[in-house]
Amino acid sequence: MGHYLLRRLLIALPSLLGISVVLFTVLALAPGDPFAEMALNPNIPPEVQENMRKQFGLDDPIWLRYFHWLFAMLHGNWGFSFISRVDVDTLIWARVPVTLAVIGASQVLALLIALPVGIVSAARPYSWFDRVASTLAFVGFSLPTFFTGLLFILLFSIKLDWLPFVFRADIPGTGWAWWEAQIRQSIMPVLVLGLFQGASWTRYVRSAVLDVIRLDYVTTARSKGLRERAVILKHVVRNALIPVVTLVALTMPQVFGGAIVTEQIFRVPGIGSLLIDAILRNDTPVVMAVTFVFSCLVILFNLIADLLYGWLDPRISYR
Amino acid sequence: MEEVELRALIEDVRAEKLPRRRFIERMVGLGLTAPMASMLLMHSGIAQTQPAPVYKPTKRGGGGALRVLWWQGATLLQPHFANGTKDQEGSRIFYEPLAIWDNDGNLVPILAAEIPSRENGGLAADGKSVTWKLKKGVTWHDGKPFTADDCVFTWEYAKDPATAAVTIGVYKDVVVEKVDANTIRVTFAKPTPFWATAFVAAEGMVLPKHVFGPYAGAKSREAPANLKPVGTGPYKFVDFKPGDIVRGEINKDYHMANRPYFDTIEMKGGGDATSAARAVLQTGEYDYAWNLQVEDEVLKRMEAGGKGKVHIVPGGDIEFIQLNITDPWNEVDGERGSVKSKHFAFSDPKVREAMALLCDKKSMQEFIYGRTGFATGNFMNNPPRFTSKNTKWEFNVDKANQILDAAGWKRGSDGVREKNGKKMKFVYQTSINGTRQKEQAIVKQAAQKAGIDLELKSVTASVFFSSDVANPDTYGKFWADMQMYTTTMTAPDGERFMNQYQSEEVSQKANKWSGRNICRYVNPEYDKLAVQGSSELDPVKRAAIYIQMNDMVVNDHIIVPLISRPRVRGGNLRLVTTLSGWDLDFSALQNWYRETQAA
C-alpha cells in the first residue's frame, strides 16, 4: 500500500510538469493580450502599453517565461494578475469559500436526490415510480444548466418575484437574517446545478443497484427470510455503491473548479467566473494558476478514488 | 468654419447673444469635444457658469444602501493602474480629482477651491502653466489633511515608468511644484491651450502621499492600499473582491455639506448587460446599472416593468467604418497594407464616396439602435440641428451606382462590378457583437444593389482589439478592405485625436502596428495643418484648424461615420443621478440621492 502510494505520487510529478508545459504553451500561443482594453483608449499612448509589457516580462521568449513561472511556483509564488495586479493566490482564496458553499451544496443535493430515487427505482424496476423517475432524470440531464438557470430566473425572480437573481458574496448582517438572505440567494444556483448532477447520478445509482440486485447472494439473503428493507440496505446497496463512490470522488475536483456557466448567470463570484474573466482578459497568470490547481486536484482525486476503491472492496489489491 | 467666424461666435457668447450651451453644442457638431469648446471660451476670458446641481437632501446620510451593477466588475482600486473605465469607476468612489467635467463641458471643482482662470490668476498668460488652489480643510479617510504635497506626490508617482501607471501619458511631460501648502503649479514644456488634463477627471485622482509614499516606483504593486483605498471621496472603503464586489460606507467627514446621501454603496460586478438591465429596470433589485449594451426593444420591454428607466447621456463615442486605401492582400516591401501600395478600388475617391452613400445609417438607427444611437455624418454630433454644415451625408443607392458607372466600374455577368479585371469584392471586418453583425448586414444589402460584393468577417473582440503583433486579425493591422468599430472621442486633448490621420502615425510594421493612423491616410495638406495646429498658441485658431482637419477626413471619405452612441445607463425611478458624458459615471457621485417618490 505504502509502495503503491509512493509510486503513484512519483508518476504524478512528471504528469503535472507535462500538464504545466502544455497549458503554458497553449496560453502563450493563444491570440490576444492583457492590455487590449487600453489599446482602444486614446488617452493611453502606445508607449505605456509597451512599457507595461516589458515590466511584466511579456516580451521575453516563451521558454524563459515558462521557467520563470516554474521556479516561482516551486517557491510557492503563484505570480500576480496582470489585470488587477493582485497576487494570484489572494484572488483564488477570495473565491474558494463561495465556490465550495454553492457547488458543495449542489453536490450534496444531487446525492440526496440520486441515492434514494436510484435505489427505489432499481428495487422496483419498470414500476410506475421507476418510469416517472427515469423520465425526469432524462429531462434533467438533457436540459443544459444555462437554460434551466434562465428559466428559473424568469419564473422565480421576474414572474413571482420570490428570489433575487444576483448572488452577493458578502451579505451584511448576522444571525438569522444573514442565513435567510444567504439561503434565498443560493436556492436557484444550487437547484440548477444539483438537479442536473442529481439526474445523471440517479441513472448511475439505478444501474449499479440493478447489477447487484440480481446476484445469487441477494436471492440467498431473501430466502433466509430477511426483510426486504434489510436486504436492500445491508446487502445490495453496500456493494452497489462502490462504483458510485468512485464516481463521486472523481467529480470532486469540479466542486473546486466551479461551474462557469451557472456562476456567470447568477453572478456567483466563484472560481469558475474568475477563470472565465481571466481567459477573456488574457490574464495568463490567473488562468495558469486556476487550471494548474484544477489539474492537481484531478490527479489527487483520481488517486483518492483508487485508494477508496481498494478500501471498500477488499478483492482489489495494490501492487 | 473659419477662425473669423469662431471669433464672432465667441464674441456673441461674451455679449450674451448666444447662450453658452448653444455655443458648445455647435462646436460639438463640428467635431470638437465639449471640454475643448468650453476651454475655448475660458481662454477667451469668458467665465464658465457654475451650474448648481439639483440636490435636495438637507442632511448627510440616512439614504440607506446604494446598489449599483457593473457587468464588468472592477478588478482593481488603484486609479493609476486602471485597465478600463470599470476600474476608474471603482476607484472614483474613494478617490477624487481636483476637478471634473460636467455634461456641458464645464470644469467643476472637487478638491480644487476654484477653477483656474485668467481672472483669478490661475492661468498664465503664456499658456505654459496653471496654478490650482486646493480646497482647505479636506481630510483623507484616515484623518490626515489633504495638501499640495499629495498632488506633487501623485505626479511623481504616476510619471515614474517603474510604477507602470497607465496615466503616465498625462503626467510625464508636465512639472508639478508646490507653491504653498494649498497651492500647486503645473508647468508645461510648451504653451498648452488644453491644460485641464493633469489632476482632472478620470486620470486626475489624487493619491495620499502618507499612504503610497513608500511604494512609488518598482514597489508600486506591493502597496496594501492598492486593495484598500484611502481617499477623500464621499464613501470610505469597506471591502473589495476583485472582479466581484466593491463596498463602501458613508464618509462622515466629507468636504461637501449634506453629502453624501447614502449610508453605504455596493458595486457588484459580473454577469451580462441584459441581466443587469433586468435587475434594475424590471425587478428593481439594483438601483443603477452601467453600460447597457442591449437592444432598445429589449430595454423598452423591461422599462414596462415600472421599476426603473433608461438614462441616455450624450458623449463622444462613435461607431464608424474605415476604408483601407492601401492594399491589404499583397505584400509590398515585405508587408501587407504597406503605405506604398494602393488599394485597387478605395484609392479612388469616387469609390469611397459611393461606399459612403451605401451606408444606410438611418436604418441602423431605426432598426438597431433606437434611442441608443443617432445617425451621424460627422465625427461627432449630438442632436441633428447642430450638424456641421461642412459635411453632409445621405443614403442613395442610385447616386452610388451613377458614381461607380462614371468611374468606369462596369457590372459583370454576375452583377458584380469590375474594372481592369479586378472584381469589386471587399472583406468587411468587425468584432463579434450582435449589433455589429446586423449593421454589417445592412451595408451588405445596399452594396449588393450597387454591384459590390461584401464578404462579412467578424473577429472575437479580445483578438480584434488586441495589439498582438503575431495576429493577422487585429484592428491595428487592418488587413481587410473595410472595418468597423467604435472609437471614443472623450479624449479631450485635441492634438491626440487629430493625429489619428497624420502620416507619421501610420500603423505599420515599423511601429508594430501601434500607430494610431489605422486607415494609413497620407495627406501632406493634413500633415501641414497638424503641425500648424500643435504649435498654434491661440486656441481659437487651433480650433479652426482642427475643424478644418476633421472636415478633410470626413469629406475625403476615408472614414464613414455611422452612429453616434450615447452612454446608456439604467437607473431606479427614484434615484437622482448627475451623469456626464465627458467624465466617469461616478464623477459626481456625491450628488446622487433618492427621491421619496418616483420622479
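Read top to bottom, the protein sequences are chains A and B.
Residue numbering for the first sequence follows my numbering, starting at 46 and increasing by one per position.
Residue numbering for the second sequence follows my numbering, starting at 359 and increasing by one per position.
Ideal Cβ positions, reconstructed from N, Cα and C, are used throughout, including at glycine.
Span separating the alpha-carbon of residue 372 of chain B from that of residue 404 of chain B: Using only the alpha carbons, I get a separation of about 6 Å.
Between the beta-carbon of residue 697 of chain B and the beta-carbon of residue 926 of chain B, is there less than 8 Å? no
Would you say residue 360 of chain A faces chain B, with C-beta separation under 8 Å as the test? no
Look at the Cβ atom of residue 393 of chain B, then the Cβ atom of residue 673 of chain B, and state whether they are nearer than 8 Å. no
Residues from the region 191 to 214 of chain A in contact with chain B, defined by Cβ distance under 8 Å: 198, 202, 203, 206, 209, 210, 211, 213, 214
CB-CB length for residue 869 of chain B against residue 76 of chain A, believed under 8 Å: Not a contact, Cβ separation roughly 20 Å.
Can you tell me where the alpha helix (DSSP H) with residue 60 of chain A in it begins and where it stops? 47 to 74
On a CA-only basis, which of A:336, A:355, A:332, A:93 is nearest residue 525 of chain B? Give me that one, please. A:93
Contact with chain B by residue 281 of chain A, beta-carbon distance below 8 Å: No, residue 281 of chain A does not count as interfacial toward chain B.
For residue 682 of chain B and residue 699 of chain B, which I take to be in contact (beta-carbon distance under 8 Å), what is that distance rounded to the nearest angstrom? Between residue 699 of chain B and residue 682 of chain B the Cβ distance is about 10 Å, and since that is not below 8 Å, they are no contact.
Taking Cβ-Cβ distances below 8 Å as the criterion, which residues of the region 595 to 619 of chain B are in contact with chain A? 597, 599, 600, 601, 602, 603, 605
Going along chain A in order, which residues have a C-beta closer than 7 Å to the C-beta of residue 526 of chain B? 93
Chain B partners of residue 97 of chain A, CB-CB under 7 Å? 522
Taking Cβ positions only, does residue 729 of chain B come closer than 8 Å to chain A? No, residue 729 of chain B does not count as interfacial toward chain A.
Taking residue 146 of chain A as the query, report the chain B residues whose CB atoms sit under 8 Å from its CB, ordered along the chain. Simply none; closest approach about 14 Å.
What's the call for residue 740 of chain B, buried or exposed, on a 16-neighbour Cβ count within 10 Å? Low local confidence applies: a pLDDT of 40 at residue 740 of chain B is under 50, so the model's placement there is unreliable, with the coordinate-based value given in what follows. Flag for residue 740 of chain B reads buried.
Those residues which DSSP pairs with residue 626 of chain B across a bridge: B:427, B:603
I'd like the ranges of any beta strand (DSSP E) spanning at least 3 consecutive residues and lying wholly in the region 461 to 496 of chain B. 465 to 467, 487 to 491
Cα-Cα separation, residue 401 of chain B to residue 784 of chain B: 47 Å
So what does DSSP say about residue 587 of chain B, is it helix, strand or coil? coil
Assign residue 790 of chain B to one of two classes, buried (16 or more other C-beta atoms within 10 Å of its C-beta) or exposed (fewer than that). exposed
Could you pull out every residue in the same chain whose Cβ sits closer than 7 Å to the Cβ of residue 742 of chain B, ignoring the five residues on either side in sequence? For residue 742 of chain B, the predicted structure reports a pLDDT of 37, less than 50, and the residue's modelled location is therefore unreliable. A value from the coordinates is still provided. Contacts found: none.
Residue interval of the beta strand (DSSP E) (run including residue 372 of chain B): It is not in any beta strand (DSSP E) - residue 372 of chain B instead sits in the alpha helix (DSSP H) that spans 361 to 372.
Below-8 Å beta-carbon distance, residue 577 of chain B vs any chain A residue: no
Please confirm whether residue 584 of chain B has its beta-carbon closer than 8 Å to some beta-carbon of chain A. yes
Determine which residues of the region 624 to 646 of chain B have a Cβ less than 9 Å from any Cβ of chain A, and write them out in chain order. 624, 626, 627, 628, 629, 630, 633, 634, 636, 637, 640, 641, 643, 644
What are the partner residues of residue 787 of chain B, as DSSP defines its beta bridges? B:815, B:841
Neighbour-count burial assignment, residue 603 of chain B, 16 or more Cβ in a 10 Å radius: buried
Minimum Cβ-Cβ distance from residue 133 of chain A to chain B less than 8 Å: no
Nearest by alpha-carbon distance to residue 818 of chain B: which of B:612, B:832, B:945 is it? B:832
Taking Cβ positions only, does residue 100 of chain A come closer than 8 Å to chain B? yes
Hey, out of B:584, B:521, B:493, whose CA is closest to residue 448 of chain B's CA? The candidate whose alpha carbon is nearest that of residue 448 of chain B is B:584.
What residue range does the alpha helix (DSSP H) around residue 114 of chain A cover? Taken as a continuous stretch (DSSP letters only), the alpha helix (DSSP H) holding residue 114 of chain A covers 107 to 119.
Residues of the region 800 to 830 of chain B with Cβ closer than 7 Å to any Cβ of chain A, in chain order: 820, 821, 823, 824, 825, 826, 829
Are the C-beta of residue 441 of chain B and some C-beta of chain A separated by less than 8 Å? yes
For chain B, find out if any of its Cβ atoms is closer than 8 Å to the Cβ of residue 314 of chain A; answer yes or no. Yes, residue 314 of chain A lies at the interface with chain B (some Cβ there is under 8 Å from its Cβ).
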